[in-house]
Amino acid sequence: MDAKEEFEEQLIRKLTEGEIAQEDTEEEARKRLPMKSEFRIQAQVDPVQEETKQYRKMADEIDDRYDKYN
């Protein structure tokens, strides 16, 4: 047997022996997705709070239940 035939025999044995490992296709697809990233920027001014202040200047509250949220 020459080197080529011996190599082919080794290749055939490695390809045919043992169980074929099948991975979960959903898990494999999840692994291929790019990582999620989140960017946060700290603002100097809270826009919701500023808008609330403007509304309070325009109208008076009936009661003082929202005063603690200044």
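Under full-length UniProt numbering, the residue at position 6 of the sequence shown is numbered 6, and the numbers go up by one with no gaps. C-beta: ideal position from N, C-alpha, C; glycine also.
In the three-state reduction of the DSSP assignment, Y55 falls in the helix class.
Counting along the chain, no alpha helix (DSSP H) covers A43, and no H or E run does either. In this chain, E61 is not harboured by any alpha helix (DSSP H), its DSSP state being neither H nor E. One Cα belongs to A59, the other to E26, and the distance between them is close to 56 Å.
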